[in-house]
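Colleague: Numbering (the working numbering), first residue to last: 1 to 443. By construction, the Cβ of each residue, glycine as well, lies at the ideal position given by its N, Cα and C atoms. A quick note: this is a predicted structure, and the numbers were derived from the prediction, not measured.
#1: Taking Cβ to Cβ, would you say residue 238 is nearer than 7 Å to residue 408?
#2: Assign residue 21 to one of two classes, buried (16 or more other C-beta atoms within 10 Å of its C-beta) or exposed (fewer than that).
#3: Judging by CA-CA distance, which residue of 108, 117, 303 is the nearest neighbour of residue 282?
#4: Which residues bound the alpha helix (DSSP H) around residue 273?
#5: How many Å lie between residue 160 and residue 197 at the Cα?
#6: Report yes if the CB atom of residue 242 is closer than 7 Å to the CB atom of residue 280, and no otherwise.
#7: Counting only the same chain and skipping the five closest in sequence on each side, list residues whose C-beta sits under 8 Å from that of residue 223.
#8: Quick check on the burial criterion: 16 or more other C-beta atoms within 10 angstroms. Buried or exposed for residue 168?
#9: Identify the continuous beta strand (DSSP E) that holds residue 80 and give its terminal residues.
#10: Secondary structure at residue 395, three-state DSSP: helix, strand or coil?
#11: Is the distance from the Cβ of residue 9 to the Cβ of residue 107 below 7 Å?
#12: Residue 416 to residue 261, Cα distance in whole Å?
#13: Exposed or buried, which one is residue 11 when buried takes at least 16 other CB atoms within 10 Å?
#14: Opposite residue 88 in the DSSP bridges: which residues?
#15: Residues in the same chain with beta-carbon distance under 8 Å from residue 71, minus the five sequence neighbours each way, listed in chain order, please.
#16: Could you give the distance in angstroms between the alpha-carbon of residue 276 and the alpha-carbon of residue 236?
#17: Is there a Cβ from chain C that is less than 7 Å from the Cβ of residue 142?
#18: In chain order, what residues of the same chain lie with their CB nearer than 7 Å to the CB of residue 54, ignoring the 5 residues before and after it?
#19: My assumption, with CB atoms under 8 Å, is that residue 77 sits in contact with residue 174. Please give the rounded CB distance.
#20: Among all the DSSP beta bridges, which residues are the ones paired with residue 110?
#21: What residue range does the beta strand (DSSP E) around residue 259 cover?
Rendered as structure tokens:
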């Protein structure tokens, strides 16, 4: 459930230089100038975003006879709206390089760019809705899953699927626009990955939530497919690293395209890498625990705790002096060993929260719950091993470099509906959706 800082972009007051948009569309746009503060308001906000997008395409349809997206893209490129960037957290690459993010550079903002930015904002909002709903569900302490709770978990996946369909539409639309002053196409690849990670992350959060409730009430783990869940976490880890690469390219590549405000994105994703690593270690440790391989289970828990909490040896940057590097590595190793040996049930997660401001802070709750669960597992495993098993605990450094980690793989999901504005969507022949299969699957 990636919620990047400074997202989504929001419209800001502007002075259109043309009368392309109708008064109704201008009013709809003006109602989107501030982000919502509650889940219910967020749902209404994203609906208004989609209505605004539908209104733009209806406006274009009035002067077009074909229902081909290429015609709409071509027409929208010819309609200039203003000579500024009328959205918050959107900037020009050249101005960004000169640290003029807050300035209002002169650009030819056309209707195509307005469509792009609206799609980006809507996709971000749907991903944030999914994350916010996960945040609500993981606080529930009910063991028996109610029907209402069940439906909410399904809704999480649906939010992410909507974000994914919008990202795919944005990528298709952008590919048809042959001009330079547009949003960077790689943004839509990033949105695609964020939505896919969100779907898989919701699966991990759901099983972690069920395990946590079962552990608190019965001192047992509910999940039996922990090897599969570990593979999902590793797949997420790989995807987040791919997101890091995309963000680095977005930040560094020059050009005439438009950018979003990437401030703190890299730092946020660096924490998310630790988050996914910790989940991989947790589920694999539960699998080893259920197989009575206590030494492996404890080593994995220690690895997960250190993934979240401290600097691993592999993260120490090389220095010119090899002796100094070895000393720093040794000190870091001793610090980590001391941390593991001093864990208590009241130990709390210490993490830099500066990149988790406003909406991006939604992940902090599950991070904290995950850390608490790791501490409880560490105490439980260690107590049982010291009194019953007497297994040799695998060193966390060996866990980190072990080549026996499984390959990542995601859990298959049902098809994602293709997004299309109503003026481009074919009307059903009999009013019945042929793909309707009842209440549907979780994912």
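Modeller: Per the coordinate set shown:
#1: yes
#2: buried
#3: 303
#4: 265-290
#5: 9 Å
#6: no
#7: 207, 210, 211, 229, 283, 286
#8: buried
#9: 80-82
#10: coil
#11: no
#12: 29 Å
#13: buried
#14: 10
#15: 64
#16: 6 Å
#17: The structure shown contains no chain C; it holds only a single protein chain.
#18: 421, 422
#19: That pair is no contact at about 11 Å.
#20: 80
#21: 258-260
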